[in-house]
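*Asks:* Per the numbering used here, residue 686 is the first one in the sequence shown, and the count goes up by one each step.
Think of the CB as a built atom: it goes at the ideal place given N, C-alpha and C, for glycine as much as any other residue.
Let me begin by handing over the structure; questions about it come next.
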Amino acid sequence: MKTFRHHHIILLSMGVLLLFGSFTHKNLRLDARNNGELKIHFSAYSNQSPLIIGKTYSNSFQEKFTIDRFRFYVGGIRLFSGDAGAESGISADDYFLFDLADSASEEITISSKAGTYNGIEFLFGVDSIHNTGGAQAGALDPRRGMFWTWNSGYVILKLEGTSPLSNLPGHAIEYHVGGYRRPNNVSQIVSLAFQKGKELKIESGMKNQVNVHVNVDKLFNGLTSIHINATPSCNTPGPLAKMIADNCKQMFSLDRSIETR
């Protein structure tokens with residue numbers, strides 16, 4: 686009798702699990718049918734001028750510089766709705782590496798539930814778990830040249846080039862911004878709100894695009910002034926890297942020219 690009751694409870698429990706499991710699976714399929722596609726396009730600028738490798742620009746302090754390389758990490762993209770709160774567009778484990786030399790890296794495509802959204806949020810950088818999580822793949826693969834050591838972690842932004850004002854050999858400028866330990870953790874959450882009346886509306890089966898401007902001048906002229914003649918490089922975690930990262934958080938702004946199909 687005891688054995689029968691034990692088996693009966695097990696079978697009942699399995700039935701409940703199967704029932705709820707089937708509901709969960711059905712809801713996931715329903716969500717997928719109601720999703721729309723959103724493309725997020727990152728465009729790099731120096732103030733109002735499109736950023737081009739090999740071209741010379743002047744920052745806000747009239748210091749001339751030429752870009753040879755510009756890369757940065759983003760991840761954990763989320764959309765915000767006044768009614769529904771936060772809606773995750775992608776997994777927090779998904780990272781993307783913007784590379785000025787690779788036009789394919791300028792665009793990220795995500796799937797999101799239908800609805801009206803007031804803003805977009807993402808992590809500029811790499812979280813501490815992925816900095817210390819062992820060998821990574823995809824955008825975080827160390828072979829991409831954005832990783833220091835297991836002690837120092839990832840370079841979240843890399844800007845390299847030249848400037849006549851740099852006192853480094855070859856007049857190089859080299860900003861490798863990284864570090865995940867407090868108080869100098871460089872990774873930051875960036876939140877961008879759509880203008881009132883120009884919210885993002887996602888509908889099932891429709892395709893939308895949001896354009897994010899990335900103004901490299903903010904690296905120099907942000908919360909803190911970074912002059913090339915005094916600070917032509919940053920290559921280690923610490924207060925300077927944190928200062929530059931705080932500036933770089935201000936690089937991002939929305940150009941909400943929506944394309945809907």
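#1: To the nearest angstrom, how far is the alpha carbon of residue 628 from that of residue 910?
#2: In the DSSP assignment, find the unbroken alpha helix (DSSP H) run with residue 929 in it and report its ends.
#3: DSSP three-state call for residue 785: helix, strand or coil?
#4: I need the DSSP call for residue 940, collapsed to helix, strand or coil.
#5: Which value, in whole angstroms, describes the spacing of the CA atoms of residue 739 and residue 858?
#6: At a cut of 8 Å, does the stretch 891-898 reach the stretch 919-933 through at least three beta carbon pairs?
#7: So, do the stretch 725-736 and the stretch 789-796 have three or more beta carbon pairs nearer to each other than 8 Å?
#8: With residue 816 as the anchor, note down where its alpha helix (DSSP H) starts and where it stops.
#9: Would you mind sorting residue 848 into buried or exposed? The rule is 16 or more other CB atoms within 10 Å of its CB.
#10: What number of angstroms, rounded off, separates the C-alpha of residue 802 from the C-alpha of residue 723?
#11: Output the boundary residues of the beta strand (DSSP E) element that contains residue 879.
#12: Taking only three categories from DSSP, how would you classify residue 889?
#13: Tell me which residues share the same chain as residue 940 and place their Cβ nearer than 8 Å to its Cβ, disregarding the 5 neighbours each side in the sequence.
#14: Identify every residue that forms a DSSP beta bridge with residue 741.
#15: Among 807, 812, 800, whose alpha-carbon lies nearest the alpha-carbon of residue 870?
*Replies:* The structure says:
#1: What is shown of the chain runs 686 to 946, which leaves residue 628 out entirely.
#2: 924-933
#3: coil
#4: strand
#5: 13 Å
#6: no
#7: yes
#8: 813-816
#9: buried
#10: 12 Å
#11: First-last for residue 879: undefined, no H or E at that position.
#12: coil
#13: 728, 896, 897, 898
#14: 751
#15: 812
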